[in-house]
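Enquirer: Heads up, the sequence shown stops at 489 in full-length UniProt numbering, and the numbers go up one at a time, no gaps.
Yeah, the Cβ is synthetic: ideal placement off N, Cα and C, and Gly gets one too.
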Amino acid sequence: MSTLRTHPNIKTDYCPGCGSKFQTVDNQKPGYLVVPSTTPKKPTIKTNSNELNSEDVEKIIRLMPDDIRKKLYPEGEITHTSSSELMEGRKSGRMTDEKQKDERIFCHRCYNLLYYNRVTSDTWQESLTTDKSILSFLKKKDDAIIVTVVDIFDFPGSLLEDLDILIGTDKQNILVANKMDLLPNDVNETRIKRWLYEKCKKFGFTNISDIFLISAKKNWKVQELAQTMSTVRSGFDDIYLIGKTNVGKSELINSFLRCMVVDGWRHKVTSSPIPGTTMGMLGLPLTLFKETFGVNPKGFHFPQTCRHLFDTPGIINKNQLINLLTEEELKITIPQKYIKPLTFALTPGKTIFLEGLGRIDYIEGQKPIRTTVFSRLKPHITSITRADEICQSMTVGDQTFLQPPIFSSKRKEFPAMIKGIKKYAMKGIPGTMSIKDVVFSGVGWVSFGGMFDKAVIDIWSPNGIGIYIRDKPLLPFEFRGKYESPKLY
Numbered sequence: 001m002s003t004l005r006t007h008p009n010i011k012t013d014y015c016p017g018c019g020s021k022f023q024t025v026d027n028q029k030p031g032y033l034v035v036p037s038t039t040p041k042k043p044t045i046k047t048n049s050n051e052l053n054s055e056d057v058e059k060i061i062r063l064m065p066d067d068i069r070k071k072l073y074p075e076g077e078i079t080h081t082s083s084s085e086l087m088e089g090r091k092s093g094r095m096t097d098e099k100q101k102d103e104r105i106f107c108h109r110c111y112n113l114l115y116y117n118r119v120t121s122d123t124w125q126e127s128l129t130t131d132k133s134i135l136s137f138l139k140k141k142d143d144a145i146i147v148t149v150v151d152i153f154d155f156p157g158s159l160l161e162d163l164d165i166l167i168g169t170d171k172q173n174i175l176v177a178n179k180m181d182l183l184p185n186d187v188n189e190t191r192i193k194r195w196l197y198e199k200c201k202k203f204g205f206t207n208i209s210d211i212f213l214i215s216a217k218k219n220w221k222v223q224e225l226a227q228t229m230s231t232v233r234s235g236f237d238d239i240y241l242i243g244k245t246n247v248g249k250s251e252l253i254n255s256f257l258r259c260m261v262v263d264g265w266r267h268k269v270t271s272s273p274i275p276g277t278t279m280g281m282l283g284l285p286l287t288l289f290k291e292t293f294g295v296n297p298k299g300f301h302f303p304q305t306c307r308h309l310f311d312t313p314g315i316i317n318k319n320q321l322i323n324l325l326t327e328e329e330l331k332i333t334i335p336q337k338y339i340k341p342l343t344f345a346l347t348p349g350k351t352i353f354l355e356g357l358g359r360i361d362y363i364e365g366q367k368p369i370r371t372t373v374f375s376r377l378k379p380h381i382t383s384i385t386r387a388d389e390i391c392q393s394m395t396v397g398d399q400t401f402l403q404p405p406i407f408s409s410k411r412k413e414f415p416a417m418i419k420g421i422k423k424y425a426m427k428g429i430p431g432t433m434s435i436k437d438v439v440f441s442g443v444g445w446v447s448f449g450g451m452f453d454k455a456v457i458d459i460w461s462p463n464g465i466g467i468y469i470r471d472k473p474l475l476p477f478e479f480r481g482k483y484e485s486p487k488l489y
């Protein structure tokens, strides 16, 4: 167990990283605080120290080649002062680094996520909630600006459904599509915004005052977003970031801090590729951001009743495939940088795997389908018969070339591949435009296009969950006329 930099005289009841209330009972639950031992430590004698004394430094300098020593000491004299300054410089450098450390007290879970990028429990999903009604209090709040965050790489799986009913339509609600850095940099943003608005309407979210395409990780368009938030809010409004897990709400707050607050790192919240880093309501005073959120359009300072920017707990999508994964599997599945699309021809009778998390069978048709994969996971092509054998092996816990799943002491079994959508028929069109997207929630998607009369596919996933068909592709023009030749299995 990691030793936290903490003490009995802690001055807050909540973890500043995730918002959980501190507790010292269960180290597998959010907010667990490691209490330091009251037993005095025995002094230790440091041996074999790598620290150099001044005599050692002088000796090293004297052994330098003449040309190098003359450049460093043109007067030809090595003094105790010069060696002492060298020693002091090393020490002061360490002191500077120490000052940059975050001295706040974190819970055990946040400490490990922040400093080691690991979770403290194999069952990381158990502390998350699927109940979006925890946000229903916003319906009764008149003094609130809502920022709804989605993951552009997992849409519509990352969208909170029926938001108009859940929180009402009488408040400003800004839609923020995060993780744009995962997509090609030449996408048509106007078309994507229009595409998002049309999709949101189908899922019960029409009260959209503005749409922003950002990358919180890269700080793209974050200042423009903040400016709009400041313009639309009144002096009495709090700001609430809402969304499902792993959309990047916490990273967006950290991006605000990086861009607009001196020493913003002192206030950063826990952000990690592991979904569900925010466990409770976490608020930062808007006065921290000074003019960014602290001055109204008329130039008057907002009241010091201290309004806040709130990071709310992410709502888990029980259909998201990454919820089936261990920490080790998450790290090789969730994309962290630009995903290069991979295009190839899928012929009748063949299967495409997205490792062990997605499967598409081309069961009926005459011509190849142009297939473009957008995923961090490597696609594998094989025959439908061979695909059945591979899935059977995974069902009984045998390791295959498909990873995830990674069978180990932490992974004894994995949900069976089930047909989530059967005999889905498509008709092609001339040209290079894609016609359909098959989305595997949290994993990526596969676009289909080409000129063919009819193509029928079966779509599989573990437990048959997390599959969406997008009739209008997100990126219909990404095919550049170049086909890849993936390895056949």
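Among residues of its own chain, excluding the 5 on either side of S136, which ones have a beta-carbon nearer than 8 Å to its beta-carbon?
Expert: So the qualifying residues of the chain are L166, I167.
Enquirer: Bridge partners of E364, per DSSP?
Expert: BP columns for E364 point to V456.
Enquirer: Helix, strand or coil for Q197, going by three-state DSSP, please let me know.
Expert: A small correction: the amino acid at residue 197 is Tyr; Gln does not occupy that position in the sequence shown. Residue state, collapsed to three classes: helix.
Enquirer: For Q23, which beta-bridge partners are listed by DSSP?
Expert: Partner(s): Y32.
Enquirer: Could you pull the start and end residues of the alpha helix (DSSP H) that V232 belongs to?
Expert: That run of the alpha helix (DSSP H) goes 222–232.
Enquirer: Could you tell me which of D458, P430, L475 sits nearest to W445, measuring between CA atoms?
Expert: Of the listed residues, the one whose Cα sits closest to W445 is L475.
Enquirer: Which value, in whole angstroms, describes the spacing of the CA atoms of V262 and F344?
Expert: Cα-Cα distance, rounded: 48 Å.
Enquirer: Answer yes if the region 168–180 comes into contact with the region 198–213, meaning at least three C-beta pairs across the two stretches below 8 Å, and no otherwise.
Expert: As far as the Cβ criterion goes, the region 198–213 touches the region 168–180, which means the pair count is three or higher.
Enquirer: Determine, using beta carbons only, whether M433 and F477 come nearer to each other than 8 Å.
Expert: Going by C-beta atoms, M433 is nearer than 8 Å to F477.
Enquirer: Could you check whether the region 351–367 touches the region 402–414, counting it as contact only if at least three pairs of C-beta atoms, one from each stretch, sit closer than 8 Å?
Expert: Taking 8 Å as the limit for Cβ pairs, the verdict is that the region 402–414 does touch the region 351–367.
Enquirer: Name the residue from V443, L159, C110 whose alpha carbon lies nearest to the alpha carbon of K331.
Expert: The option with the nearest alpha carbon to K331 is V443.
Enquirer: Determine which residues share a DSSP beta bridge with M417 and list them.
Expert: Bridge partners of M417: P462.
Enquirer: Since I239 and T148 should fall inside the 8 Å C-beta cutoff, what is the C-beta to C-beta distance between them, to a whole number of angstroms?
Expert: Their Cβ separation, rounded to whole angstroms, is 12 Å, which puts I239 and T148 out of contact at 8 Å.
Enquirer: What number of angstroms, rounded off, separates the C-alpha of H380 from the C-alpha of T372?
Expert: Their Cα atoms are separated by approximately 13 Å.
Enquirer: Excluding sequence positions up to five away, which residues of its chain have a Cβ less than 8 Å from the Cβ of P462?
Expert: L321, L324, G356, L357, F414, P415, A416, M417, I418.
Enquirer: Please report the distance separating the alpha-carbon of S158 from that of T245.
Expert: Looking at the two C-alpha atoms, the distance is approximately 8 Å.
Enquirer: For K111, name the three-state secondary structure that DSSP assigns.
Expert: The amino acid occupying residue 111 in the given sequence is Tyr; Lys does not appear at that position. In this structure, Y111 counts as helix in the three-state DSSP scheme.
Enquirer: Got a sec, what are the start and stop residues for the beta strand (DSSP E) I211 sits in?
Expert: From DSSP, the beta strand (DSSP E) with I211 extends over 210–213.
Enquirer: Nearest CA to the CA of Q366: which residue from A455, I316, H308, K290?
Expert: If we check each option's Cα against that of Q366, A455 comes out closest.
Enquirer: What is the rounded straight-line gap between the Cα of D142 and the Cα of T287?
Expert: When rounded, the distance between both Cα atoms is 20 Å.
Enquirer: Does the beta-carbon of C15 have 16 or more other beta-carbons within 10 angstroms, so that it is buried, or is it exposed?
Expert: Buried.
Enquirer: Under three-state DSSP, which class holds N323?
Expert: DSSP places N323 in helix when its eight states are reduced to three.
Enquirer: Which residue from P285, P486, L160 puts its Cα closest to that of T351?
Expert: Ranking the options by Cα distance to T351, first place goes to P486.
Enquirer: Quick one, are the C-beta atoms of R376 and I406 less than 8 Å apart?
Expert: Cβ atoms of R376 and I406: not closer than 8 Å.
Enquirer: Mapping DSSP to helix, strand and coil, what is N254?
Expert: Helix, per DSSP.
Enquirer: Provide the residue span of the alpha helix (DSSP H) that contains R307, from first to last.
Expert: Premise fails: R307 is in no alpha helix (DSSP H) and is neither H nor E.
Enquirer: Please classify L474: does DSSP put it in a helix, a strand, or coil?
Expert: Of the three classes helix, strand and coil, the one that applies to L474 here is coil, per DSSP.
Enquirer: Could you tell me the distance, in whole angstroms, from the CA atom of G450 to the CA atom of G431?
Expert: Looking at the two C-alpha atoms, the distance is approximately 7 Å.
Enquirer: Using a 10 Å radius around the Cβ and a threshold of 16 neighbouring Cβ atoms, would you call S393 buried or exposed?
Expert: When all chains shown are included, S393 counts as exposed.
Enquirer: Give me, in chain order, the residues of the same chain whose beta-carbon lies closer than 8 Å to that of I174; leave out the 5 immediate sequence neighbours on both sides.
Expert: The residues are I145, I146, V147, T148, I208, S209, D210, I211, F212, L225, T228, M229, V232.
Enquirer: Give me the Cα-Cα distance between G464 and V34, rounded to the nearest whole angstrom.
Expert: So the alpha carbons of these two residues sit roughly 41 Å apart.
Enquirer: Along the chain, which unbroken stretches of the beta strand (DSSP E) at least 3 residues long are found entirely within the region 151–188?
Expert: For the region 151–188, whole beta strand (DSSP E) runs of length 3 or above, ordered along the chain, are 173–178.
Enquirer: Going by C-alpha to C-alpha distance, which of V150, G235, K218, K140 sits closest to K193?
Expert: Answer by Cα proximity: V150.
Enquirer: C259 and N219 look like a contact to me (Cβ under 8 Å); what is the Cβ gap, rounded to whole Å?
Expert: Yes, C259 and N219 are in contact; Cβ-Cβ is about 6 Å, under 8 Å.
Enquirer: Determine the direct distance from the alpha carbon of G314 to that of S383, and round the result to whole angstroms.
Expert: Their backbone Cα atoms lie some 40 Å apart in a straight line.
Enquirer: Would you mind working out which of K423, E389, P285 sits nearest F310, comparing C-alpha positions?
Expert: Of the candidates K423, E389, P285, the one whose C-alpha sits nearest the C-alpha of F310 is P285.
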